[in-house]
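Number of protein chains: 2
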Amino acid sequence: MLSVEEATHCVAATIHSLPAEFLALPLAAGRILREDLHADRDFPPFNRVAMDGIAVRFAALATNPSEFRIERTQFAGQEPTPQLDPHAATEIMTGAMLPEGTDTVIRYEDLTFRTDEATGQRFATIQVPPPHAGHNVHRRAADRRQGELLLAAGTYLGAAELAVAATVGATTVAVTRRARVAVVSTGDELVAIAERPLPHQIRRSNALMLQAAAEQAGAITQAFHFNDDVAALQQGLPPLLTDFDAIILSGGVSKGKADFLPEVLREIGVQQIFHEVQQRPGKPFWFGQSPEGTVVFALPGNPVSTFVNFYRYARPWLLGVQQPAVTALSGVGAVSAVLAADISFRPKLTHFLLVRLEHSSSGQLLAYPERAGGSGDLASLLTSNAFLELPPEQELFPAGTVLPAWSFR
Amino acid sequence: MLSVEEATHCVAATIHSLPAEFLALPLAAGRILREDLHADRDFPPFNRVAMDGIAVRFAALATNPSEFRIERTQFAGQEPTPQLDPHAATEIMTGAMLPEGTDTVIRYEDLTFRTDEATGQRFATIQVPPPHAGHNVHRRAADRRQGELLLAAGTYLGAAELAVAATVGATTVAVTRRARVAVVSTGDELVAIAERPLPHQIRRSNALMLQAAAEQAGAITQAFHFNDDVAALQQGLPPLLTDFDAIILSGGVSKGKADFLPEVLREIGVQQIFHEVQQRPGKPFWFGQSPEGTVVFALPGNPVSTFVNFYRYARPWLLGVQQPAVTALSGVGAVSAVLAADISFRPKLTHFLLVRLEHSSSGQLLAYPERAGGSGDLASLLTSNAFLELPPEQELFPAGTVLPAWSFR
């Protein structure tokens, strides 16, 4: 039986980059860029006024230190006119282009104004002289030069990245397409959410859980349900292998007499990569790949097992195929957290322990173990927000131990 | 001029709960539940078999410790039949209802089987006896009792919560509706993304940035652009006050001659709550509210100022109105992080310092200061993922200082 580490390695080996697609920029939020974007102009593209006030020639301060005649006013977005008189000033607004003949901006807070009543001419008097030439000017190319790489292929497009792409006029961008995931539930005891279950039945909940979790990881999902019937599975599963990048099943992979899935999957050409992992919960996890490249995560059907296996293996896979820069699974999604209470676990299995992760006021990430009712206790997931990965070699984990934590909120 | 703390308090005072709406369960992912959901049955609803194997009466082990006749086989989803012979066994699958007349399950791994060739009768021999009655049985009501509160109003609906709601047959749920946000850019120097700017113009990027960030916080957004023109603002802004919960503007709130916004907003009936906050970047931030209750975040237009003010004030407001349980802004979105290098900042202002937050291998959240080019340097946001809030009273912040961090990825 594979260790968690070996299983992780096998899953990671099937990660391949999904193809790119072209999207209008506003629709590309949350995607991974698949092309390099360069500065089409200098950043800023001109000597940009950074404060509202007046623009002067710094050298003029030596001969004309007090009062400046306002030659004209220049707004942002106006085509600039050179300042004619080297000893005058141009009243100027933030975002405007610094006029030729000036090099320094003095802000309103450091000025007083007067108007000559006879001529209507305005004058500005400097109260706080600027420390150096170029003060309050955001110089052309100070941040980035024309042609410089701004966003490299592989960059996640958050709000700031979209704004940078907008600045260089990228109306359409190449991004990785979303993963297409079929979520399949099996089990004769399961009825639809809208149905009233008989005493020996329960409502289907895993499919909705997997759909929500996969979509939260960026995938497009579609749900299917098959009964525990070889013929239904033989007929229903093959079309999914051509239409989806991944199939995530829950149920039907244990040792039971109605657990036909491993057998059926092999029959329809999905090559088994592994079955069973040295872990609790979620040991009966089956993983394989079709000749077309579609991967199959066949997860045990107990809700907590399904959930933990999804976040430990399937979610990193989804992030991996959608984010080409990520080539290995190790660490994707896991952070280091400090165990806040003693824990013991004797079986020689990796133990996924439900915890509540909290940022302490001292800057530590603390993990508080939650009372859990076993892998069938769906409701136990509600009071936790992560699980810790406790390695199999150890039995006692004292408070203070640092362990990998997988967050699911 | 208000302190950051006072401004935060003023913004928080306008938080009110948005109305609820009813959604089909699969569409409710990421929303806040606005009704209590109770267990419609016990959890689990019957004595549920937790392992594939055989069910026996524990007491029978005393008299019949080795070999059990298999009376019949019971699958999950099948209506159960009582076991007739108290000394026999029922072969049984995970998820099935435990048959009457049995109380204990022994898994396949702890059994061997033989078939009598003459009669075809199957027998199971127990290799590892069960430790107690009830072994491998997930008892009815072990996790939750019928009528017990499962999900309280105010709960965030993640993947696990949707699954629990599905289990109790909640096909439609009441959730808080999304906030409606108008994103308005102003500035005569700005042209559309698809246009080729003249030398003194730049492309609009703030609107797209704010839209992406607001949608990431759960809001529905629509973008508008107005030139720096009093009449255009007087005509364009009033309809937005009736159609949206919040208006987020960028630009037009500084001391410049084209900064008409505070004046126009007051004219159209938006009451100013504050103008200017003791902070850098983003000091000229203007905040107000219309008689209808629509709030107006008028943010300075320098991209980094816009961005930081959005994440520090507007995002917590959006989370607050969409998540009724959140009644104060303090702490919403901020975590404690440990400064990884010495920083000095002399002005008596709260300083928002761009940093790269990283989880250290020892379980600490470390904040690495990033070289920043000032509030006009949009590209400086690309290498950071958060900002630290440095209080105004202090000038030197040695490495190791714990400070609030606002994450924006």
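As given, the protein sequences belong to chains G and D, one line each in that order.
With the working numbering, letter number 200 in the first sequence gets 200, and the count goes up by one each step, no holes.
With the working numbering, letter number 32 in the second sequence gets 1032, and the count goes up by one each step, no holes.
Using N, Cα and C, we set each Cβ at its ideal position, and we do this for glycine too.
The structure displayed is predicted, hence computed values, not measured ones.
Query, Result
"Three-state class that DSSP yields for G1053 of chain D in the structure shown", "strand"
"Whole-number beta carbon distance between S1185 of chain D and L1165 of chain D, since they are thought to touch under 8 angstroms", "The sequence given here places Ala at residue 1165 of chain D; Leu does not occur at that position. With a Cβ gap of about 40 angstroms, A1165 of chain D and S1185 of chain D do not count as contacting."
"Alpha helix (DSSP H) runs wholly inside the region 255 to 339 of chain G, at least 4 long, in chain order", "261 to 267, 303 to 309, 315 to 322"
"Inter-residue spacing [alpha-carbon to alpha-carbon] between P404 of chain G and A334 of chain G", "6 angstroms"
"Boundaries (first-last residue) of the beta strand (DSSP E) holding T94 of chain G", "Counting along the chain, T94 of chain G falls outside any beta strand (DSSP E), and DSSP gives it neither H nor E."
"C-beta neighbour in chain G for M1001 of chain D, strict 7 angstroms", "no"
"Burial state of S1344 of chain D, where buried means 16 or more other Cβ atoms lie within 10 Å", "exposed"
"Outcome for K1283 of chain D when other beta-carbon atoms lying within 10 angstroms are tallied against a minimum of 16", "buried"
"Rounded distance between the beta-carbons of A50 of chain G and T119 of chain G, thought under 8 angstroms", "Rounded, the Cβ-Cβ distance is 31 angstroms, inconsistent with contact."
"Interface residues of the region 1247 to 1281 of chain D facing chain G [CB-CB below 9 angstroms]", "G1251, S1254, K1255, G1256, K1257, A1258, D1259"
"Status (buried if at least 16 other CB within 10 Å, exposed otherwise) for L98 of chain G", "buried"
"Chain D within 7 angstroms of V335 of chain G, Cβ atoms only", "yes"
"Neighbour flag for I1032 of chain D against chain G, beta carbons, 7 angstroms", "no"
"At least 3 beta-carbon pairs within less than 8 angstroms: the region 211 to 220 of chain G vs the region 249 to 268 of chain G", "no"
"Residue from D:P1019, D:A1020, D:L1027, D:L1210 whose Cα sits closest to the Cα of Q216 of chain G", "D:L1027"
"Whole-angstrom distance between R1409 of chain D and G331 of chain G, CA atom to CA atom", "Bear in mind that a pLDDT of 48 at G331 of chain G, under 50, signals an unreliable position, so the number given afterwards is only what the model happens to contain. Each residue's Cα considered, the two are about 18 angstroms apart."
"Residues that DSSP places opposite T8 of chain G in a beta bridge", "Answer by DSSP bridge pairing: none, since T8 of chain G is not bridged."
"One or two residues paired with L1149 of chain D in a DSSP bridge", "D:H1038"
"Any 3 or more C-beta pairs closer than 8 angstroms across the region 1052 to 1063 of chain D and the region 1084 to 1091 of chain D", "yes"
"Near the ligand MN: G1269 of chain D beta-carbon under 6 angstroms from a heavy atom", "As presented, the structure is devoid of all ligands, the ligand MN included, so that no description of it is given."
"Where T294 of chain G meets chain D, residues with beta-carbon distance less than 7 angstroms", "Here the premise fails: no neighbours, minimum Cβ distance about 23 angstroms."
"Within 7 angstroms, strictly: CB atoms of L37 of chain G and V230 of chain G", "no"
"For E1005 of chain D, the nearest candidate out of D:E1276, D:A1163, D:T1102 (CA to CA)", "D:E1276"
"Beta-carbon neighbours of F1307 of chain D, restricted to chain G and to distances below 9 angstroms", "A159, A160, A163"
"Interfacial residues, the region 44 to 72 of chain G to chain D, with Cβ spacing under 9 angstroms", "P44, P45, F46, R48, A50, M51, D52, G53"
"Option nearest I1015 of chain D by Cα separation, candidates D:Q1323, D:G1400, D:F1310, D:P1369", "D:Q1323"
"Backbone secondary structure at T1242 of chain D - three-state DSSP", "helix"
"Boundaries (first-last residue) of the beta strand (DSSP E) holding E355 of chain G", "It should be pointed out that residue 355 of chain G corresponds to Val in this sequence rather than to Glu. Unbroken beta strand (DSSP E) run through V355 of chain G: 350 to 359."
"First and last residue of the uninterrupted beta strand (DSSP E) at V1184 of chain D", "1180 to 1186"
"Contact list for T1171 of chain D against chain G, beta-carbon separation under 7 angstroms", "I193, A194"
"C-beta neighbour in chain G for D1143 of chain D, strict 7 angstroms", "yes"
"Coarse secondary structure for P1369 of chain D, derived from DSSP in three states", "strand"
"Cβ distance (whole Å) where L265 of chain G is taken to contact V296 of chain G below 8 angstroms", "6 angstroms"
"Nonlocal neighbours in the same chain, by C-beta distance under 7 angstroms from V308 of chain G, ignoring five residues either side", "P281, G282, F352, F387"
"Beta carbon proximity, Q1394 of chain D to chain G, threshold 7 angstroms", "no"
"Unbroken stretches of the alpha helix (DSSP H), 4 residues or longer, contained in the region 1098 to 1181 of chain D", "1159 to 1167"
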